[in-house]
Amino acid sequence: MGYRLRRTEDALLPPVLYGGEGQLPISETFALLHGEKLAICDELEEIADSLPEGLDRDRCLSVSRRLEPLVQAVHVYEEQVLFPACLEAAGHAAHARELVARLKAEHIEDAEFAAELCEGLRRIGEGLAPLNVEALAYMLRGFFAGVRRHIATEREAMLSLSGATA
Ligand SMILES: [Fe+2]
Numbered sequence: 001m002g003y004r005l006r007r008t009e010d011a012l013l014p015p016v017l018y019g020g021e022g023q024l025p026i027s028e029t030f031a032l033l034h035g036e037k038l039a040i041c042d043e044l045e046e047i048a049d050s051l052p053e054g055l056d057r058d059r060c061l062s063v064s065r066r067l068e069p070l071v072q073a074v075h076v077y078e079e080q081v082l083f084p085a086c087l088e089a090a091g092h093a094a095h096a097r098e099l100v101a102r103l104k105a106e107h108i109e110d111a112e113f114a115a116e117l118c119e120g121l122r123r124i125g126e127g128l129a130p131l132n133v134e135a136l137a138y139m140l141r142g143f144f145a146g147v148r149r150h151i152a153t154e155r156e157a158m159l160s161l162s163g164a165t166a
């Protein structure tokens, strides 16, 4: 089963996902999207580590433009394609439905957190907000740690729910 992410705000995702020729199988798309999310988590960690002296306002702006669309696109893919496929493969068992419900709840929290973080990074990048380095570092670390945990849980869960999604 393949799937094309085709929303205008997804323009920052790797072009390979948009198809043309081949639509990627779910397992490959999933891995690519998680790779993108982990890469942006690494960027957030680098920003956090660079504080306070090494604050790069341009980088804050860059990440603030990319983070939210990426998070949204990954959530859309997972909820519209990956989770239904895994539920199907798991025969819609209760434990699978509970797990998917939990992952979806985490998506809502992550999306809200990403929006807040993007706004903070944008304001700092544009020099609009007084720089509260401790608050920024706290937000950055809270977000990327949570997202990394979510991805680890999701990978493990999806593997255990189904080997049939490829
Ligand atoms: Fe997810």
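Counting in the UniProt record's numbering, the sequence shown runs from 1 upward without gaps. No residue lacks a Cβ here, since even glycine has one placed at the ideal position from N, Cα and C. Just so we're clear, the structure is a prediction, and the values are computed from it rather than from any experiment.
What is the rounded straight-line gap between the Cα of residue i and the Cα of residue j?
i: E116; j: I108; result: 13 Å
i: R148; j: E45; result: 11 Å
i: C118; j: L67; result: 7 Å
i: L70; j: L51; result: 24 Å
i: E154; j: R123; result: 32 Å
i: F83; j: V100; result: 7 Å
i: A135; j: E88; result: 42 Å
i: L103; j: H75; result: 10 Å
i: E79; j: A85; result: 10 Å
i: S160; j: G146; result: 21 Å
i: G54; j: F143; result: 20 Å
Relative to ligand 1, is the shortest distance from any of its heavy atoms to the C-beta of residue i smaller than 7 Å?
i: E154; result: yes
i: E98; result: no
i: H92; result: no
i: L87; result: no
i: L103; result: yes
Assuming residue i contacts residue j (C-beta within less than 8 Å), just tell me the rounded distance between them.
i: H150; j: E106; result: 5 Å
i: I40; j: L140; result: Not confirmed; about 11 Å, so no contact.
Take residue i as the anchor and find which of the options has the nearest alpha-carbon.
i: R97; options: A39, T29, S27 and M158; result: M158
i: S64; options: F113, F30, H95 and G91; result: F113
i: I26; options: A73, G91 and Y77; result: Y77
i: T29; options: E126, L61 and V81; result: V81
i: D49; options: G120, R59 and A137; result: A137
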